[in-house]
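Report on one structure; see the data block that follows.
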């Protein structure tokens, strides 16, 4: 279904890692799917990445992944939008996955420059109709011979919801309803959902599903997590009184003290607004959209003050803190929690998902996490189309809500890696998949919108429904060798205890897998935390050392006691998990945000160094196992996991698996304009940001 729209020859693509203007010639093309640079020099096998995406190559940018396009006129950058009167000599494309592409058009024919620049700007930046997305071109032309379910529960049937109720023992107090079949209640609600048993069909129909507590998940002690879309705040008195009476009646069906308690939490008043989240992320991502080495080192001096001023890490901390509050209500107070939001499809999705990841070990498996995203986000009605602004209709609706969840989950993954079946690389490619219009998962606002757009004519004039792919079939994007990077080889699988020794086996399992955690104490020193700052942050963030400030927004006493008490005990990787949220414990997701910046790489270092050794060891153990089985004449079926060969670790760096080892850029000599600002200081140690030689740490 891919069609060529425009192209230009003799385009020069600059290498990004230094200011030497090195690069390569090739052809720049724009299709209805992507912008692509076709290199004249065919890549050798040596440079073939081991972690290769089969759909989007390293020189491909899907139209939905384009963030902003700048033209360079006489060395001045100008944002390109709409109709162009004059065409630039250089083109800079900033991508939503943080890549930056620099193209020189000086040697390209003038007519081709006009066509390619106006074509790229038009097809990637102007508003478009839903049916014009490549998703529909692909779905009507591609054979649907893949089974993307992969044990992921899609929550498209009544049975899926009933199974989830049974799994969580929620079927005693809650029921799956068919009231919205044909979307007669609301187009925003899913076809099937779960409500308290006492809620009648008439109540659901009365206000189009508003004011109805919708079940998310049940805790082992019977307490449940619920969400509700609020009534509009601006109403006349009689209407608001009727709605208040309706809400009182509904809450009484759940809250029956002292047996059943209910806590209502209005997220719009206790968490940042979507606009605040969008503003913070816009500032934050600018720190990583690096044009050249000079820009990188110029910001190095004030790195931590720039990072803090974005407020992005503080938003992550506040969201995790809110999730811990909800966990404490469910786990300790045995209280039902009702999350309230205007549509119940944004921050409700974030908090309910985080609570389940923290409390339910099933959500920390790959299939469980994917099922959770399906339940709370895809079927739950999160507006991916609007929040990601895929159609470029309105920037006012845009907000990185799903990215916020992935950033929060990453904090848990890096603090407790053995508790998760998937890796940070899995989370990174999941975030990239937001912008790949091959899959329907992240390209609709609701189940209703997806269902109503399923019918259509195929390109081969055979009428019939579109065959949309789901993102959960990872084999569409990656081959088995690359898929190994998505699975955590050190995942502590839940043991199947012997029934006769169930108690002792479980206790032994906890002791073997657990290491005691101590609470992070705020530093008494100004500047650099020698003990508290994570080794990865010290090394990987461009060798920057600085000051994190603990927020004055301290948790309440009971919550603090719960938090401190949990962190003072050994961790059960299959029980409750609480993230550490004090000060420097909230970190930058280095792999996602620094993977294209060669200046920030660690040669032979970073998390990949550990992963490479572990995968090598696994390979050796598996080969020994095969030999042992052969000696005992026990044939082994082909169920051994294939793992990538990473013997040549000298070529790896912390940019792997997304980029191979790149030439190290040299830090500029001291007398630059930025560093001159520091010369008046008598004592650098007294400054907020300190510079320490940590080359020894890297070795």
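Numbering (UniProt numbering), first residue to last: 1 to 699. Even glycine gets a Cβ: it sits at the ideal position worked out from N, Cα and C.
Closest Cα partner of residue i within the set the options
i	options	result
residue 228	594, 345 and 164	345
residue 610	628, 582, 572 and 654	654
residue 588	303, 562, 578 and 182	303
residue 196	233, 116 and 256	256
residue 469	213, 433 and 120	433
residue 558	324, 10 and 597	324
residue 52	208, 474 and 212	474
residue 393	79, 191, 124 and 493	124
residue 64	388, 652, 485 and 157	388
residue 200	659, 218, 132 and 179	179
residue 349	371, 377 and 332	377
residue 41	122, 26 and 131	26
residue 435	21, 351, 60 and 3	60
residue 577	416, 603 and 479	416
residue 79	111, 109, 118 and 55	118
residue 441	83, 122 and 155	155
residue 342	631, 126, 188 and 575	188
For residue i, the residue or residues it bridges with in DSSP
i	result
residue 26	11 and 39
residue 139	According to DSSP, residue 139 bridges with nothing at all.
residue 176	194
residue 71	78 and 91
residue 201	Per DSSP, none; premise fails for residue 201.
residue 603	653
residue 465	455
residue 61	35
residue 422	487
residue 227	214 and 339
residue 103	13 and 91
residue 6	30
residue 262	336
CB contact flag (residue i, residue j, <7 Å)
i	j	result
residue 296	residue 75	no
residue 579	residue 477	no
residue 106	residue 6	no
residue 11	residue 28	yes
residue 385	residue 406	no
residue 319	residue 198	no
residue 176	residue 161	yes
residue 14	residue 102	yes
residue 266	residue 340	yes
residue 213	residue 225	no
residue 72	residue 88	yes
residue 287	residue 306	yes
residue 366	residue 402	no
For residue j and residue i, the rounded distance between their alpha carbons
i	j	result
residue 359	residue 581	17 Å
residue 460	residue 467	In this prediction, residue 460 scores a pLDDT of 44, lower than 50, which makes its location untrustworthy; the coordinate-derived value is nonetheless stated afterwards. Going by the C-alpha atoms only, they are around 14 Å apart.
residue 285	residue 98	7 Å
residue 206	residue 1	44 Å
residue 583	residue 567	15 Å
residue 81	residue 93	12 Å
residue 414	residue 230	35 Å
residue 355	residue 216	10 Å
residue 165	residue 373	17 Å
residue 419	residue 247	39 Å
residue 672	residue 23	At residue 672 the pLDDT is 45, less than 50, meaning the model places this residue with poor confidence and gives no usable figure here.
residue 549	residue 585	Bear in mind that the predicted position of residue 549 carries a pLDDT of just 31, short of 50, making it unreliable; the figure below should be weighed with that in mind. The straight-line gap from Cα to Cα measures roughly 11 Å.
residue 153	residue 573	23 Å
residue 563	residue 337	18 Å
residue 513	residue 190	A caution first: residue 513 carries a pLDDT of 26, below 50, which makes its placement in the model too unreliable to give a value.
residue 90	residue 209	52 Å
residue 223	residue 363	18 Å
residue 237	residue 244	10 Å
residue 314	residue 361	26 Å
residue 219	residue 331	7 Å
residue 458	residue 370	Model confidence at residue 458 stands at a pLDDT of 43, short of 50, so the residue's coordinates are unreliable and nothing is read from them.
residue 480	residue 629	24 Å
residue 120	residue 113	11 Å
residue 621	residue 485	18 Å
Distance between beta carbons of residue j and residue i, contact taken as under 8 Å
i	j	result
residue 270	residue 322	6 Å
residue 707	residue 62	Missing from the structure shown is residue 707; the chain here goes from 1 to 699 and no further.
residue 448	residue 183	5 Å
residue 67	residue 95	6 Å
residue 390	residue 443	6 Å
residue 453	residue 130	7 Å
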